[in-house]
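*Asks:* Handing you a structure now.
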Ligand SMILES: [Zn+2]
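In the numbering used here, the protein residues as written are 1335 to 1512.
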């Protein structure tokens, strides 16, 4: 990829070569601070980089507007890294390129997710993020309805119950108000 590429941000700044990590080259927009990474380069780097422990992704400000691929101008597809915060990376399937908005690549690296990009770009990962978000939504709704104190107490009882070898019997007793 030798032709000059321009960022799809408002400034349309020419992307310049940069280093995303030791041994990993990418492109950088000095106007919006975004980074572009070719998956081919990433995979070569990934095969030599040590696996880092996973941690929850941290926040960066999210711009929700659709992004066009700097190389082919097609709309990029958005992939979620995690549900809280809502943090996404954009991929162009045609060019096998990924775009990181300002600070996102650094956040991925900082949380040990930098080596898991191929996993993030799978349907399985995307479904998992969605399921986690649904679970959190349900939890928030229950807390709203019953109060945080009641839900905390319920969680404590559930945890205790799960640890009991005769939990079904205990639960039946509770229901029957022995
Ligand atoms: Zn493209």
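Backbone N, C-alpha and C define an ideal beta-carbon position, used for all residues, glycine too.
(1) Does residue 1457 come out as helix, strand or coil in the three-state DSSP assignment?
(2) Which first and last residues belong to the alpha helix (DSSP H) in which residue 1424 is found?
(3) Buried or exposed, going by whether 16 or more other CB atoms sit within 10 Å of the CB of residue 1404?
(4) When you get a sec, list the residues whose CB is within less than 6 angstroms of any heavy atom of ligand 1, chain order please.
(5) Would you list the residues sitting across from residue 1361 in a DSSP beta bridge?
(6) Counting C-beta neighbours from all protein chains within 10 Å, is the total for residue 1381 16 or more, i.e. buried, or is it exposed?
(7) Considering Cα atoms alone, identify which of 1494, 1411 and 1429 is closest to residue 1456.
(8) State buried or exposed for residue 1441, treating a residue as buried only when at least 16 other CB atoms are found within 10 Å of its CB.
(9) From which residue to which residue does the beta strand (DSSP E) around residue 1433 run?
(10) Using the C-alpha atoms, what's the distance from residue 1415 back to residue 1459?
(11) Ordered along the chain, which non-local residues of its own chain (more than five positions away) have a Cβ less than 7 angstroms from that of residue 1429?
*Replies:* By the coordinates alone:
(1) Against the chain shown, residue 1457 aligns to sequence position 123. If DSSP states are grouped into helix, strand and coil, residue 1457 belongs with the helices.
(2) As a first step, residue 1424 is located in the chain shown; it is residue number 90 there, counting from the start. Here residue 1424 belongs to no alpha helix (DSSP H); instead the beta strand (DSSP E) covers 1421-1426.
(3) Taking the chain shown and counting its residues from 1, the one referred to as residue 1404 is at position 70. So residue 1404 ends up on the buried side.
(4) Those residues, listed in chain order, are 1403, 1405, 1406, 1408, 1426, 1428, 1429 and 1431.
(5) For the purposes of this step, residue 1361 is taken as the residue at position 27 of the chain shown. Paired residues: 1351 and 1370.
(6) Here residue 1381 corresponds to residue number 47 of the chain shown, with the count starting at 1. With fewer than 16 other Cβ atoms from the protein chains shown falling within 10 Å of its own Cβ, residue 1381 counts as exposed.
(7) Here residue 1456 is taken as the residue at index 122 of the chain shown, counted from 1. For residue 1456, the closest of 1494, 1411 and 1429 by C-alpha to C-alpha distance is 1411.
(8) Along the chain shown, one-based indexing puts residue 1441 at 107. Here residue 1441 is buried: its Cβ has 16 or more other Cβ atoms, across all protein chains shown, within 10 Å.
(9) The residue you call residue 1433 lines up with position 99 of the chain shown. In the DSSP annotation of this structure, the continuous segment of the beta strand (DSSP E) that includes residue 1433 starts and ends at 1431-1434.
(10) For the purposes of this step, residue 1459 is taken as the residue at position 125 of the chain shown. For the purposes of this step, residue 1415 is taken as the residue at position 81 of the chain shown. Their Cα atoms are separated by approximately 8 angstroms.
(11) Indexing the chain shown from 1 puts residue 1429 at position 95. If we look at residue 1429 and ignore the five residues flanking it on each side, its Cβ neighbours are 1403, 1405 and 1406.
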